[in-house]
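Asker:
Residue numbers (this note's numbering), protein chains in the order written: chain A, 1 to 296; chain B, 1001 to 1458; chain C, 2001 to 2349.
(1) Do we get a CB-CB distance below 8 Å when we pair residue 2253 of chain C with the residues of chain B?
(2) Along the chain, where does the alpha helix (DSSP H) containing residue 1112 of chain B start, and where does it finish?
(3) Output needed in chain order: residues of the segment 118-140 of chain A with a Cβ under 9 Å from some Cβ in chain B.
(4) Given a cut-off of 8 Å on the beta-carbon distance, is the pair residue 1387 of chain B and residue 1402 of chain B in contact?
(5) Consult DSSP for residue 1071 of chain B and reduce its assignment to one of helix, strand or coil.
(6) In the segment 1162-1244 of chain B, which residue ranges form an unbroken alpha helix (DSSP H) of at least 4 residues, counting only runs that do not cross its ends?
(7) Going by DSSP, name the residue or residues bridged to residue 1304 of chain B.
(8) Please name the residue in B:1113, B:1394, B:1375 and B:1374 whose C-alpha comes closest to that of residue 1365 of chain B.
(9) Where does the unbroken beta strand (DSSP E) through residue 1424 of chain B begin, and where does it stop?
(10) Give a yes or no on whether the C-beta atoms belonging to residue 1214 of chain B and residue 1257 of chain B are separated by under 8 Å.
(11) Beta-carbon of residue 162 of chain A versus every beta-carbon of chain B: anything under 8 Å?
(12) Taking contact to mean 3 or more Cβ pairs, one atom from each stretch, closer than 8 Å, check whether the segment 2185-2199 of chain C and the segment 2268-2284 of chain C are in contact.
(13) Whole angstroms are fine: how far does the CA of residue 1225 of chain B sit from the CA of residue 1409 of chain B?
(14) Rounded to whole angstroms, how far is the Cβ of residue 1247 of chain B from the Cβ of residue 1218 of chain B, which I believe are closer than 8 Å?
(15) On the criterion of 16 or more Cβ atoms from any shown chain inside 10 Å, does residue 2101 of chain C qualify as buried, or is it exposed?
(16) Below 8 Å between beta carbons is the criterion; list the residues of the segment 2038-2063 of chain C that meet it against any residue of chain B, in chain order.
(17) Between the segment 1104-1137 of chain B and chain C, which residues of the former have CB atoms less than 8 Å from a CB of the latter, in chain order?
(18) Indicate whether the contact test is met: 3 or more Cβ pairs, each with one atom in the segment 185-192 of chain A and one in the segment 1276-1286 of chain B, closer than 8 Å.
(19) If you drop the 5 nearest sequence neighbours on each side, which residues of the same chain put their C-beta closer than 7 Å to that of residue 2054 of chain C?
(20) Measuring CB atoms only, is the segment 201-215 of chain A touching the segment 142-151 of chain A, in the sense that at least three cross pairs come out at less than 8 Å?
(21) Which residues, taken in chain order from the segment 2203-2231 of chain C, show a beta carbon closer than 7 Å to some beta carbon of chain B?
(22) Assuming residue 1141 of chain B and residue 1379 of chain B form a contact by the criterion Cβ under 8 Å, report the distance between their Cβ atoms to the nearest whole angstrom.
(23) By DSSP's criteria, residue 2095 of chain C is part of a beta bridge. Which residues make up the other side?
(24) How many Å lie between residue 1105 of chain B and residue 1175 of chain B at the Cα?
(25) DSSP state of residue 1062 of chain B, grouped into three classes?
(26) Distance cutoff 8 Å, beta carbons only. Does residue 1152 of chain B sit that close to anything in chain C?
(27) Taking 8 Å as the CB-CB cut-off, is residue 1036 of chain B touching chain C?
(28) Can you give me the start and stop residues for the alpha helix (DSSP H) that residue 2026 of chain C sits inside?
(29) Report yes or no: is there a C-beta of chain A within less than 8 Å of the C-beta of residue 1144 of chain B?
(30) Just to check, is the beta-carbon of residue 187 of chain A closer than 7 Å to a non-hydrogen atom of the ligand ADP?
(31) How many whole angstroms separate the CB atoms of residue 2155 of chain C and residue 2253 of chain C, which I take to be in contact at a CB cut-off of 8 Å?
(32) In chain order, what residues of the same chain have a beta carbon less than 7 Å from the beta carbon of residue 2327 of chain C, not counting five sequence neighbours either side?
(33) Terminal residues of the continuous alpha helix (DSSP H) containing residue 45 of chain A?
(34) Using a Cβ-Cβ distance under 8 Å, would residue 113 of chain A count as near chain B?
(35) Name the two residues that bound the continuous beta strand (DSSP E) containing residue 1998 of chain C.
(36) Our contact map puts residue 1146 of chain B next to residue 1084 of chain B with C-beta atoms below 8 Å; I'd like the distance itself, whole angstroms only.
This is the structure in structure tokens:
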């Protein structure tokens, strides 16, 4: 029982990270209708920036993360304006954007290796490394910390999107860009903001997960991105709650599979995949996605 | 009208075609595809059978340059392995600056060509083909190719052409396969021996140990596991649990470590490599796993990786036969000073405190020694020299008491003498390093100790 | 014979003679170049061209599914890998001849395509893209199991090179391999061309554009979509099979390998021009040449190579939003239109 609980806690910790990245993916999807394959590498670059500030420039870890988020916001917005805007929109082949994000994926990873080096590095701790005792099972404080960060992100996003004028405008552009423009909303600015916020989410997720690991290198976000996509698909790409639930589900499922199903040793990836497939067959828009009604 | 037009078009096509036919890239005398049988060479007591070579390996090198080729990751997620080359390239530069290496009574300069294979075995094949040329005449042979699968991918072709592939940069026991005399590994101790040393340590310190292992889910991990199971046969040591993790991108091993910690084991074999290795150590500490002995893979003993684990690495054991550049006891060691000075000179962007650069340097040194002992400047003689080494610890950065001994088919492994080392953590800002605790000599024993399928398997 | 009292303006202007002649000339040149190439180039370059050829076949398969039928897949690397490992193992462990493995691979991967195509009916758009992505990520791990790699220690299967030797005296091995790829490419491309011009092709496009309308027109959605999936998978599988001949091995030791391949197929397709017949070939050559020239480009800064490659991709997408073939078509159309309106205006017969 104790082992089971501990593995569940492990899964929640990992799942919180997948969920955070999934939130970023869903945010971009909701505001621009695009799949951003470079989300992981953008997060990686911001993670390296955090590390550089904290480890090389001796800034405290929390202010370093804040600064890195600011950098991520600007970079995300800039990327939308400069790289994505020219190829997105209904007049263009939707696959072109995919190619651009894939190109970014390669380029950003390579640049990170060039600028920050190929060595493994260590991110200073954000959370204390000890644990609470829950009925004999150890609940790492880090896991709680990651969960708290996730909840915080959700709360801020909810408040932003539902309770502010800016959020209203963002949702408007996401729902119908043409009409929004006609009503006077600066759609371009909204798109940039959407990407900026998503980049901040990614930067947070990357910095946090790097600090919970013993060390990180340029491969940090690659497998996490795959799981984040899985989480977003599971929960429904147009649902922020779906991203959170999906992430936690994927994390826990993965952890329990590793522990209890030895036949799948080394191919644990099959489980999240199977899970998504099963869910999508029953609910083609994910657990929390809304059915798109096709008008003839 | 139309017909004339068509004729004009046709001629437009044919004329350039004729030009192209006249000047072709192809060397039509090339019979790269066919393999001809070669006359048996002269030396009857050669340890290598050259009767099936497609080219004559006893043909002397023309000119005064020995050219080596290499293929290793230089971009992408495994780009860190490129540091190895900085070590041996610096050594070769140093030798060249001093006039080159003497074989017989002639001096040769050392040259090399390398390409990036991003750890992809298919690219390694393409790179080696390109660098050596289709008839393998553009270089002496391959040197320090990184990756087990990468070396396996080029093994057959080079063997058929009797082209040396030397100092394969992994500890796979497969490099001792007697069917492939033209392939030899490096001073890296074979992975299977690590398990034996570990078993030996346990027999001495904790004869009724309960061991949990974390290994990679591939042949590297299987090597540790299978060899260890063999090594503990007939003892009271028990293997309680083995957990595997997927190789490749940074795998999170928290789940595996939690599982191992709960298995009731009091000894931990951390057979992981790269980031999962120190990660497993910290997670084990975090989980409060009470252990008497912890072992880390020999691939994990670098300053970077152990530094990441920090206090969690206190007291872990491993093996090594290269002097640790971080160890203060070598600060005034002549070999170490030479290494640091020359690498700073020829590869200023290399991290001299990184153990893999020291490893690369040592391979260069061993190879040059082999060249000096060679009977002649041809593939056969040089390969035989590499297979007949008898060096002490004064070569490169080999640890005290170790050395390199190879003896043809009887002993194709270089790194069978090494030290048992233990990590001493003195603080986050101290120069933490491995201390030598004991010495092991497995000369000539790798083949008999390693399960056969690990040697001849692929 | 009564004369027509009005000249009818054709709905679709006939291709002007100039354009048609240019196209014929181009076709002749390309054919000549394609046939002569292996005699001009050396072994290394022949290998590279052959790699472009099998990449083109896989891209064509993806073209059918994604370009013509609108189902986005970023997992075709898995079918490619399946084909590669099947061929390699049949040759290495069961002594099959290489040529015999190709039809079997086509059928096997086609069947797998069917298996994936069925659930794909329920899973749409980007969800399908992600599920297929999962396939590509999963494949190297599956290849590491005894089913695909046999009793080898690692997922690397290398058949004996003698299995690929030239069957025609006078042709070197590398030339022979090139011709095999070329023949397979031509056969598969002609098949695709016929398919897309006939009813099935129109059905595929109809499904892509507006499913509901297609259904009302009597197109069987399920059959069309699943069949397209199967065919595209078979193309990718055959390409994988050919890759064993050209590269000499099937390897899954790099966990990201098949994901990268899937992306390369997509890139080749988009850059060449989606929903065109020549697009995949053009795109494949561009990808192979780019990949080669950006590798090891800057001495001392090799780590930057993927960035240069990525930047080149982005630049290409900007400059040629419809791909290369799309861009050429637009060029021809503009030239053609001008002529036609002139002709109409001057009322020549």
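Each residue gets a CB set at the ideal place from its N, CA and C atoms; glycine is no exception.
Answerer: According to the structure shown:
(1) Taking the first residue of the third chain as 1, we reach residue 2253 of chain C at position 253. Cβ-Cβ to chain B under 8 Å: yes for residue 2253 of chain C.
(2) One-based indexing of the second chain puts residue 1112 of chain B at position 112. Unbroken run through residue 1112 of chain B is the beta strand (DSSP E), 1106-1116; no alpha helix (DSSP H).
(3) 118, 119, 120, 121, 122, 129, 130, 131, 138 and 140
(4) Translated into the one-based positions of the second chain, residue 1387 of chain B becomes position 387. Translated into the one-based positions of the second chain, residue 1402 of chain B becomes position 402. Against a cut-off of 8 Å, the Cβ pair of residue 1402 of chain B and residue 1387 of chain B comes out as no contact.
(5) If you number the second chain from 1, residue 1071 of chain B lands on position 71. If DSSP states are grouped into helix, strand and coil, residue 1071 of chain B belongs with the strands.
(6) 1191-1205 and 1219-1231
(7) Residue numbering aside, residue 1304 of chain B sits at position 304 when the second chain is read from its first letter. DSSP output for residue 1304 of chain B lists no bridge partner at all.
(8) On the second chain, residue 1365 of chain B is found 365 positions in, with the first residue counted as 1. That would be B:1394, whose Cα lies nearest to the Cα of residue 1365 of chain B.
(9) Position 424 of the second chain, counted from the first residue, corresponds to residue 1424 of chain B. Looking at the DSSP string, the run of the beta strand (DSSP E) that includes residue 1424 of chain B is 1417-1424.
(10) The residue labelled residue 1214 of chain B in the question sits at position 214 within the second chain. The residue labelled residue 1257 of chain B in the question sits at position 257 within the second chain. Yes, the pair counts as a contact, with Cβ atoms nearer than the cut-off.
(11) Here residue 162 of chain A refers to the residue found at position 162 of the first chain. With 8 Å as the cut-off, residue 162 of chain A does not count as an interface residue toward chain B.
(12) yes
(13) Looking up residue 1409 of chain B in the second chain gives position 409. Looking up residue 1225 of chain B in the second chain gives position 225. Roughly 26 Å separates the two Cα atoms.
(14) As a working note, residue 1247 of chain B is residue 247 in the second chain. As a working note, residue 1218 of chain B is residue 218 in the second chain. Rounded, the Cβ-Cβ distance is 5 Å, consistent with contact.
(15) Locating residue 2101 of chain C in the third chain gives position 101, counting from the first residue. Flag for residue 2101 of chain C reads buried.
(16) 2039, 2040, 2041, 2042, 2043, 2044, 2045 and 2047
(17) 1115, 1116, 1118, 1119, 1120, 1121, 1122, 1125, 1126, 1129, 1130 and 1134
(18) no
(19) Stepping through the third chain from its first residue, residue 2054 of chain C is reached at position 54. These residues qualify, in order along the chain: 2181, 2239, 2242, 2243 and 2246.
(20) yes
(21) none
(22) Against the second chain, residue 1141 of chain B aligns to sequence position 141. Against the second chain, residue 1379 of chain B aligns to sequence position 379. Right, the Cβ-Cβ distance comes to about 6 Å (below 8 Å), so this counts as a contact.
(23) Along the third chain, read from residue 1 onward, the residue named residue 2095 of chain C stands at position 95. Answer is none; residue 2095 of chain C lacks a bridge partner.
(24) As a position in the second chain, residue 1105 of chain B is number 105, starting the count at 1. As a position in the second chain, residue 1175 of chain B is number 175, starting the count at 1. Distance between the alpha carbons of residue 1105 of chain B and residue 1175 of chain B: 32 Å.
(25) Taking the second chain and counting its residues from 1, one reaches residue 1062 of chain B at position 62. Residue 1062 of chain B: coil per DSSP, three-state reduction.
(26) Here residue 1152 of chain B corresponds to residue number 152 of the second chain, with the count starting at 1. Yes, contact with chain C.
(27) Taking the second chain and counting its residues from 1, one reaches residue 1036 of chain B at position 36. Below a pLDDT of 50, predicted positions are generally treated as unreliable, and residue 1036 of chain B, at 36, falls in that range; no measurement from the model is reported.
(28) Walking along the third chain from the start, residue 2026 of chain C turns up at place 26. Residues 2017-2040.
(29) As a first step, residue 1144 of chain B is located in the second chain; it is residue number 144 there, counting from the start. No, residue 1144 of chain B does not count as interfacial toward chain A.
(30) Among the ligands in the structure shown, none appear at all, so the ligand ADP cannot be discussed.
(31) Position 155 of the third chain, counted from the first residue, corresponds to residue 2155 of chain C. Position 253 of the third chain, counted from the first residue, corresponds to residue 2253 of chain C. With a Cβ gap of about 6 Å, residue 2155 of chain C and residue 2253 of chain C count as contacting.
(32) Indexing the third chain from 1 puts residue 2327 of chain C at position 327. For residue 2327 of chain C, where only same-chain residues beyond five positions count, the Cβ hits under 7 Å are 2320.
(33) Numbered from its first residue, the first chain carries residue 45 of chain A at position 45. That run of the alpha helix (DSSP H) goes 39-51.
(34) Here residue 113 of chain A refers to the residue found at position 113 of the first chain. So, interface residue.
(35) Since the displayed chain C opens at 2001 and closes at 2349, residue 1998 of chain C lies outside it and no answer follows.
(36) Numbered from 1 along the second chain, position 146 holds the residue referred to as residue 1146 of chain B. Numbered from 1 along the second chain, position 84 holds the residue referred to as residue 1084 of chain B. About 7 Å separates the two Cβ atoms, so the contact holds.
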